Amino acid sequence: MKKWLAVFAIAGMLVAIPSQSEAQVSVRLGLSSMTGLVGVQYQTGNISLGAGPLAGPIAISARYALNTEGNSLWAGLAFVLNAAEVLEEDFTSKDVPQVGPLVGYRIELNETLDISIGGGYGIYLGADADLNDTAGPLLDISIGYSF
Numbered sequence: 729m730k731k732w733l734a735v736f737a738i739a740g741m742l743v744a745i746p747s748q749s750e751a752q753v754s755v756r757l758g759l760s761s762m763t764g765l766v767g768v769q770y771q772t773g774n775i776s777l778g779a780g781p782l783a784g785p786i787a788i789s790a791r792y793a794l795n796t797e798g799n800s801l802w803a804g805l806a807f808v809l810n811a812a813e814v815l816e817e818d819f820t821s822k823d824v825p826q827v828g829p830l831v832g833y834r835i836e837l838n839e840t841l842d843i844s845i846g847g848g849y850g851i852y853l854g855a856d857a858d859l860n861d862t863a864g865p866l867l868d869i870s871i872g873y874s875f
């Protein structure tokens with residue numbers, strides 16, 4: 729319940745941010761380390777911020793697109809809370825976040841729909857290298873509806 733409350737609080741904050749340019753909010757569905765399974769994305773100009781739940785972990789991201797409209801390459805940074813369960817030296821487990829860069833391409837289908845495809849590689853913060861993997865893939869395959 730606390731995770732959902734955090735996601736909706738971040739989404740509400742993103743919607744309320746004032747902007748000088750034409751801003752838009754989109755709902756994104758898909759498998760994404762940027763916006764989760766179902767998330768929101770706030771875009772103003774070339775920069776967008778996103779958040780959403782990812783089947784337990786919460787994904788938070790920032791993205792920069794080369795073009796504000798139409799098809800565009802993009803680069804971003806994803807931060808996934810509780811991304812992996814790792815072992816400590818005393819063999820107890822803990823959840824650690826993952827952070828890393830992604831690159832991808834946005835394909836605009838029409839004025840309100842777009843598809844985003846991208847990938848990257850992120851490190852697990854606080855993972856012991858002797859006992860665990862210290863990094864893993866990040867993925868973004870999502871469809872967005874802007875309003």
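Using my numbering, read the sequence shown as starting at 729 and increasing by one per residue.
We treat Cβ as the ideally placed atom computed from N, Cα and C, and that holds for glycine.
Just so it is clear, the structure is predicted and the values come from calculations on it, not from any experiment.
Query	Result
Burial state of Tyr852, where buried means 16 or more other Cβ atoms lie within 10 Å	buried
Own chain partners of Ile835 with C-beta closer than 6 Å, once the 5 adjacent residues on each side are dropped	Asn799, Ile843
Buried versus exposed call for Ala783 [16 or more other C-beta atoms within 10 Å across all chains shown]	exposed
Rounded separation between Leu837 and Pro785 - CA only	29 Å
Coil, strand or helix - Pro785 by DSSP	coil
Beta-carbon spacing of Gly832, Asp868 below 7 Å	yes
Close beta carbons around Asp764, own chain, < 6 Å, minus the five adjacent residues each side	Asp is not the amino acid found at residue 764; the sequence shown has Gly there. Closer than 6 Å at the Cβ level, and outside the excluded window around Gly764, lie Gly780, Pro781, Leu782, Ala787.
Every unbroken beta strand (DSSP E) within the region 816-846, with a cutoff of 3 residues, ordered by chain	821-836
Span separating the alpha-carbon of Gln748 from that of Gly804	The predicted model places Gln748 with a pLDDT of 48, which falls under 50 and marks its position as unreliable; any figure quoted below should be read in that light. Near 22 Å, if we compare the C-alpha coordinates of Gly804 and Gln748.
Alpha-carbon to alpha-carbon, Ala790 and Ser754	14 Å
Own chain, CB closer than 6 Å to Ser874, minus 5 neighbours either side, in chain order	Gln752, Ser754, Thr840
Exposed unless 16 or more other CB atoms sit within 10 angstroms - verdict on Asn819	For the sequence presented, residue 819 should be read as Phe rather than Asn. Exposed.
Reference Ser776, options Leu759, Glu750, Gly758, closest by Cα	Glu750
Residue from Ala793, Gly758, Leu757, Arg756 whose Cα sits closest to the Cα of Leu830	Ala793
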